[in-house]
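Going down the list, the protein sequences come from chains A and B. One point on numbering: in my numbering, the residue at position 128 of the first sequence is 466, and numbering is uninterrupted. One point on numbering: in my numbering, the residue at position 114 of the second sequence is 717, and numbering is uninterrupted. Since the structure comes first, as structure tokens, the remarks are kept for the end.
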Amino acid sequence: MAIINLRKKEVQAKIVYYGPGRGGKTTNLDYLYKKLRDRIKTEMVTIKTHGDRTLFFDFLPIEIGKIKGYDIRIQLYTVPGQVKYDATRRLVLRGVDGIVFVADSLEVRRKENILSLKNLSDNLAAYKKSIFDIPLVMQYNKRDLSEEGLPLIPFESLEKDLNTKLKAPSFEASALKGPNVIQTMKKIIIMTIDSLQRELR
Amino acid sequence: MTQSMDDKGLKAQVENRLADLFSDEEGSLETMEEGRSMDDHPFKELKVLLLSIEWEITDDAMDSLIREIKGRETAYHDDRIILTFLQLLGSAAKYIKVNKSKAHPKATRVISLVYTALEKVALSEGMAQAEKEKILLDEVARFKRLREEVKVRKEEIKAQVSSKTRGVSVRQEREAVVTPPEETPAASEPEKIRVQPDLGRIPPHEAFAHALEEIKEVIRAEFKALRAEIRLWRESG
């Protein structure tokens, strides 16, 4: 749930990057932070395990500035993707306003993508939210691995597996190299602000 | 808020602001998709299998990986350097197969780094033999460090188990002085499975407490691994 402070004229929205473990959620935020740190003037908070996995969440606040007299603040979070951290994932999802589902394009991860999307739907349902109603952007990550000749799931199959019913905007991306990482973030911010505006009408 | 935000121009304003703030500096995917083919890559299958165990370590995946490494060992039996790389990978893979999720957290990282080095040596045309040997020695050293860490970890676990067992037997002896130990049916029951509470149906503070417990467990494991590493570092210094 976004925090809207009428007195201070502030809007704070929460966007969560969700998806299977090792799919590139933290790499998305790392890329954004690396590219934008001079402009956003905030710090990224990240807690990793000994094995370089996300322990709790990563957090990157972004100040968009004043729009229509309101200070717009966006908080980007990731969840730990490993199956065993479901309680942490649910906790991070509390009060979420928009979601980026980061799917792994590697052929061997097909099943994990589907399970993670199902897990997202279940965890949202626990907060009485529907995956069909919340602003959602699909990101098919690791497309750069085709460069190395590794077998990837074709875009059409990813759409069929994950997006047939949801019909969310989708991007092929490489969180490591950059293509469509900023585009994905822009899209989810616009959709989230738009959704908040509609809720407030 | 409603008055100000309820404006058709808002979306456009947000879009413009984002365009100003985050001018696209991203590369293009088109160039990526024109990448070189991996059809003739000698370790294509090995690479795919290694990527798959990053996600989940299953018996099937580990069996396929070990089989593939053996196959490559046969193919490269007359190349001493490549063969040693493959043997390192094989040993690490067997260790992970046996220990699965209880394997040292660094094991999968080491296996991936050894593979990267192998690929570098095998695919770099014109690399001098001395350079190949240096890269191999670095990886052997990395592998040895992992083996030491595994050893320390094993000893720690063993020590913990024996101290717990000692604790139980001392307690039992003390209890025996007062009353003879009764046969407890619970002792023969199968190990209890920890059930995840349905966090959606419990109050927020309880949900937080559960998540906190989950994190505490991981932090404990992390500290244990760090302590082992510091001890190793001190010993080697």
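Just so it is clear, CB atoms sit at the ideal spot from N, CA and C, and this is done for glycine as well.
Near-chain B residues of the stretch 464-498 of chain A (beta-carbon distance less than 7 Å), N- to C-terminal order: A464, Y465, R481, D482, S484, E485, E486, G487, L488, P489
Kindly list, in the order they appear in chain D, the residues whose Cβ is closer than 8 Å to that of G403 (chain A). The structure shown contains no chain D; its protein chains are A and B.
Determine the chain B residues that contact Y356 (chain A) at a beta-carbon separation under 8 Å, and present them in chain order. The residue labelled residue 356 (chain A) in the question sits at position 18 within the first sequence. Here the premise fails: no neighbours, minimum Cβ distance about 16 Å.
Using 8 Å as the threshold, is the C-beta distance between F439 (chain A) and V417 (chain A) below it? Residue mapping note: residue 439 (chain A) aligns to position 101 of the first sequence, counting from 1. Residue mapping note: residue 417 (chain A) aligns to position 79 of the first sequence, counting from 1. It is not a contact, given that the beta carbons lie outside the stated cut-off.
Inspect the CB distances between the stretch 659-676 of chain B and the stretch 465-475 of chain A and report whether three or more fall short of 8 Å. no
Could you tell me the boundaries of the beta strand (DSSP E) in which L414 (chain A) lies? By 1-based counting over the first sequence, the position of residue 414 (chain A) is 76. L414 (chain A) -> beta strand (DSSP E) spans 408-416.
Just curious, the beta strand (DSSP E) that Q350 (chain A) is in, first and last residue? Taking the first sequence and counting its residues from 1, one reaches residue 350 (chain A) at position 12. Run containing Q350 (chain A): 348-356, per the beta strand (DSSP E) assignment.
Span of the alpha helix (DSSP H), counted from its first residue to its last, around N366 (chain A): Here residue 366 (chain A) refers to the residue found at position 28 when the first sequence is read from its first residue. Its alpha helix (DSSP H) spans residues 363-378.
Less than 8 Å between the beta carbons of Y369 (chain A) and V475 (chain A), yes or no? On the first sequence, position 31 is the one that residue 369 (chain A) refers to. On the first sequence, position 137 is the one that residue 475 (chain A) refers to. No, Cβ-Cβ distance for Y369 (chain A) and V475 (chain A) is not below 8 Å.
Give a yes or no on whether 8 Å exceeds the smallest Cβ distance from D435 (chain A) to chain B. Position 97 of the first sequence, counting from 1, holds the residue named residue 435 (chain A). Judged by the 8 Å Cβ criterion, D435 (chain A) is not in contact with chain B.
For A841 (chain B), does the count of other Cβ atoms within 10 angstroms reach 16, so buried, or fall short, so exposed? Since the first and last residues shown for chain B are 604 and 840, residue 841 (chain B) lies out of range.
Using the three-state DSSP reduction, which class does V434 (chain A) fall into: helix, strand or coil? Walking along the first sequence from the start, residue 434 (chain A) turns up at place 96. Reduced to three states, the DSSP call for V434 (chain A) is coil.
Counting only C-beta atoms, is V753 (chain B) closer than 8 Å to chain A at any point? Translated into positions along the second sequence, residue 753 (chain B) becomes position 150. Judged by the 8 Å Cβ criterion, V753 (chain B) is not in contact with chain A.
Within a Cβ cutoff of 6 Å, which residues of the same chain sit near V717 (chain B), ignoring the five residues on either side of it in sequence? By 1-based counting over the second sequence, the position of residue 717 (chain B) is 114. These residues qualify, in order along the chain: L691, L692, E742.
Which whole-angstrom value describes the C-beta separation of I738 (chain B) and V724 (chain B), a residue pair presumed to lie in contact below a C-beta threshold of 8 Å? Stepping through the second sequence from its first residue, residue 738 (chain B) is reached at position 135. Stepping through the second sequence from its first residue, residue 724 (chain B) is reached at position 121. Confirmed, about 6 Å.
Could you confirm whether any beta carbon from chain A is found closer than 8 Å to the beta carbon of S765 (chain B)? Counting from 1 along the second sequence, the entry for residue 765 (chain B) is found at position 162. No, S765 (chain B) does not count as interfacial toward chain A.
Chain-ordered residues of the stretch 362-377 of chain A with a beta carbon less than 7 Å from chain B: K373, L374, R377
How far does the beta strand (DSSP E) with L474 (chain A) in it extend, from its first residue to its last? Translated into positions along the first sequence, residue 474 (chain A) becomes position 136. Counting along the chain, the beta strand (DSSP E) containing L474 (chain A) begins and ends at 474-479.
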